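Quick notes on the structure that follows.
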Amino acid sequence: MPINYQQIKKQIPHFCELAAEHNQVIHSTAQRLLYTLNQYSDQVGQLIGLVETESASNKSLRCAKPTDEALASVHGLPELDTVATLIAADGSQINPSRHRQVDFCLINVATISLQTGMDVAPVINTESILLDIGELTPDNAPLTEDILALERDIRERAALAHQASKYTPPMVTMTDGPLELFRETSNTARFEKKLAEYIGILSDLSKSRTITVGYVDKPQSDLVNRLIKLIIKNESQTPAQAMRELERIWVSDANLFSELLSSPGDRSAIYCIQSPWSKLFKEELALYFFYLNVSRSETPYLARIEIPAWCTRDPETLNQLHAAIYRQCDIMGPRPYPYILHRAHEIAVVTYEETLELDAMIAVELKRRGIDAGSISNKQSAKDLPSRGRYQ
Amino acid sequence: MSKLPIEIGRLLRSSLTGFVAGCRVNQPNLPAFGTLVRVPIHEKLDAFGLVYDIHMDDDGLVRQLVTSQTLPPEVIADNRNNRNMPSEISIVTIGRRQDGIISHLLPSHPPISLDVIYQCSNDEIRAFTTGGGFGYFRHILRNQELPAGELLTAHLEQARVAHRDGGDPNWFSNAVQELIILLRDDYPSLMSLLNALSDLPTE
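Residue numbers (this note's numbering), protein chains in the order written: chain U, 164 to 555; chain P, 13 to 215.
Here it is in structure tokens:
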């Protein structure tokens, strides 16, 4: 038996008891934060100044920075009357593994381009890149999964730019996840180089007026709450002990905005991302976000939408992407998520069986050339044994 | 034969008594229920069969999409053209052509995966339904899985047109007479067939 269920069964009541208490704390804290959000909703100029002052002394500050929209403002679903091209990209990779017969890496990037409102099947493209053997040990060290994921993200964006060049605006391009690159490798020179490449692609998309969106499903970030905590901290009457208590409790932005964005299609105000990396995304490419209620029922379901600055400047562009994203989510019925992103994922995903197939293909070619193809590790071999237990 | 044969799909799986073909859900030449089809097994052997079922599979995404209030045309086109969902056409084997001779015996070998399946032309329908009399009816009547009355009616309707165009207007009534004789001891099946035949337009 893989899990000692008898032992776990005894722990579950205690777990749920604590969860109930925790939820109560989260709820009351969220109410406190929401109160402050409403209280300061119109004081955006003052709050922009506050964030700028704080960031000057705190280089690692990460929070939301207000724009000219009131903090607690709610923007209803606009009409979508323009036929637009939607393009989504998603990537999948085979990570390096010394346990396989042949150690190799693959990046698979799929794009899907569709014309909304047209009775035409979307155009699908897949690009599969087998990394050269030399790329498996960059900088004299084995390639990490993190670097490979970074490479995949950049290739996704490059594939979007390539497909976008075939169409004319209005165009909305989408990837799953934030636009801001965030990796453990962030302090390496390699990351800096790749980041520059990434920003170059975003810049090209911006020049061609291709709307670029990062879609974050079920967001857990607390950027706006960090801003509110900064406001409360700055209030002279806040006792230090109360502030410490507030700082200790993590509340996601979704806790607040699911109360504000009560109607299907509502979006929040737009915020700018203030982070140590945000200085690299300059001017037109500065990163902004808003929350969107993509639910079609009375129970809100939020997504965070990240966009570059230029997309926020023109109300029509903003409305277009707002409506296009909601319509895409609506297609998926009761579990809203952009249809086009799901399709990109469906096309891109590399299955375990495909990995085994590739492993065998490369091994055969190596052997044909008289090269030792190696063998799977003993550990993997043991794992692959037929089992009467949990691996069935 | 003056026209090129119409390719309707490729074989997914087979046995001696029947086979299943896969084709795209939106292809224009999707065969109709009761269509006579032919699959070349090798250069001297063809199997003949009748389409008795057309099956469209679903998957998780399609099940979710049907609950959507509005489905844009591009999404429908995507699912019909791009997604890997073949419609499956089930065919009952009813005869063969070996060394150029048509008979209503089963072929010696089943067709092989990915073999191409063709819709029979009127010439082929006439040749098959007269070569060997009406012996092929037994393959349909003995198979309890088949909707025999409906299938025979659909087949007879198509074959009637082919024979009428070929100058044999009596083929249809001869075929019905043969079926009445074959089913004389099976009243429920006979009534089912006659009921279905009565729905055919009169000529």
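Idealized CB from N, CA, C, for every residue including glycine.
Since the structure is predicted, the reported quantities are computational estimates derived from the model, not experimental observations.
- U:Ile310 does not reach chain P, its nearest Cβ partner there being about 32 Å away, counting only Cβ pairs nearer than 9 Å.
- Listed in chain order, the beta strand (DSSP E) elements of length 3 or more contained wholly in the stretch 260 to 307 of chain U are 269 to 278, 286 to 293.
- The alpha-carbon of U:Arg532 is positioned some 37 Å away from that of U:Gln326.
- Burial check for U:Tyr378: the Cβ neighbour count within 10 Å reaches 16 or more, so the residue is buried.
- Residue environment for U:Ala523: exposed (fewer than 16 other C-beta atoms within 10 angstroms of its C-beta).
- Under the 10 Å beta carbon count, U:Cys179 is surrounded by fewer than 16 other beta carbons and is classified as exposed.
- Looking at U:Asn201, U:Val265, U:Tyr198, the one whose alpha-carbon comes closest to that of U:Gln543 is U:Val265.
- Of all residues in the stretch 505 to 533 of chain U, only His505, Arg506, Glu509 place a beta-carbon less than 8 Å from a beta-carbon of chain P.
- In terms of beta-carbon proximity, P:Ser80 lines the interface with chain U, with at least one pair separated by less than 7 Å.
- Taking U:Ala321 as the centre and dropping the five residues before and after it, the same chain places the C-beta of Ile364 closer than 6 Å to its C-beta, in chain order.
- Cβ neighbours of P:Thr141 within its own chain (closer than 6 Å, five residues either side excluded): Ala171.
- Note on the stretch 26 to 98 of chain P: whole alpha helix (DSSP H) runs with a minimum of 4 residues are 72 to 77, 85 to 93, in chain order.
- When C-beta distances to chain P are compared with 7 Å, every residue of the stretch 446 to 466 of chain U stays at or above that value.
- With a cut-off of 8 Å on Cβ pairs, the stretch 407 to 421 of chain U is in contact with the stretch 188 to 203 of chain U, counting three or more such pairs.
- For U:Gly280, the chain P residues whose Cβ falls inside 8 Å of its Cβ are Pro84, Pro85, Glu86, in order along the chain.
- A residue is called buried once 16 or more other Cβ atoms fall within 10 Å of its Cβ, and U:Trp473 is buried on that count.
- If only complete runs of 4 or more residues are kept, the stretch 192 to 239 of chain U shows the alpha helix (DSSP H) at 207 to 220, in order along the chain.
- Residue state for U:Asp522 is assigned as helix, using DSSP reduced to three classes.
- In this structure, U:Asp316 is the residue among U:Lys356, U:Asp316, U:Gln206 with its C-alpha nearest to the C-alpha of U:Asp339.
- In this structure, U:Val237 is the residue among U:Val237, U:His177, U:Asn167, U:Thr230 with its C-alpha nearest to the C-alpha of U:Ser425.
- Remark: fewer than three beta-carbon pairs, one from each stretch, lie closer than 8 Å, so the stretch 379 to 398 of chain U and the stretch 349 to 359 of chain U are not flagged as touching.
- A straight-line Cα-Cα distance of about 32 Å links U:Lys392 and U:Leu313.
- In this chain, U:Glu446 is not harboured by any alpha helix (DSSP H), its DSSP state being neither H nor E.
- Residue-level contact check: U:Pro332 does not touch chain P, since none of the beta carbons of chain P fall below 7 Å from its beta carbon.
- Here P:Arg154 carries a coil assignment [DSSP, helix/strand/coil].
- The closest CA to that of P:Val78, considering only U:Ala247, U:Gln400, U:Met495, is found on U:Met495.
- Around the Cβ of P:Glu86, a 10 Å sphere holds 16 or more other Cβ atoms; the residue is buried.
- Neighbourhood of P:Asn186 in chain U, by CB distance below 7 Å: empty, with the nearest CB roughly 47 Å away.
- Contact of P:Gln39 with chain U by beta-carbon distance below 8 Å is absent, the smallest such distance being about 13 Å.
- When the Cα atoms are used, P:Leu24 and P:Arg150 turn out to be separated by approximately 25 Å.
- The bridge partners DSSP lists for U:Pro471 are U:Leu450.
- Contact of U:Ile494 with chain P is assigned, a C-beta pair being separated by under 7 Å.
- One Cα belongs to P:Asp58, the other to P:Gln189, and the distance between them is close to 28 Å.
- Bounds of any alpha helix (DSSP H) do not take in U:Ile374; it lies within the beta strand (DSSP E) bounded by 374 to 380.
- In this structure, the beta-carbon distance from U:Tyr464 to U:Ser458 falls below 7 Å.
- The C-beta of P:Asp71 comes no closer than 7 Å to any C-beta of chain U.
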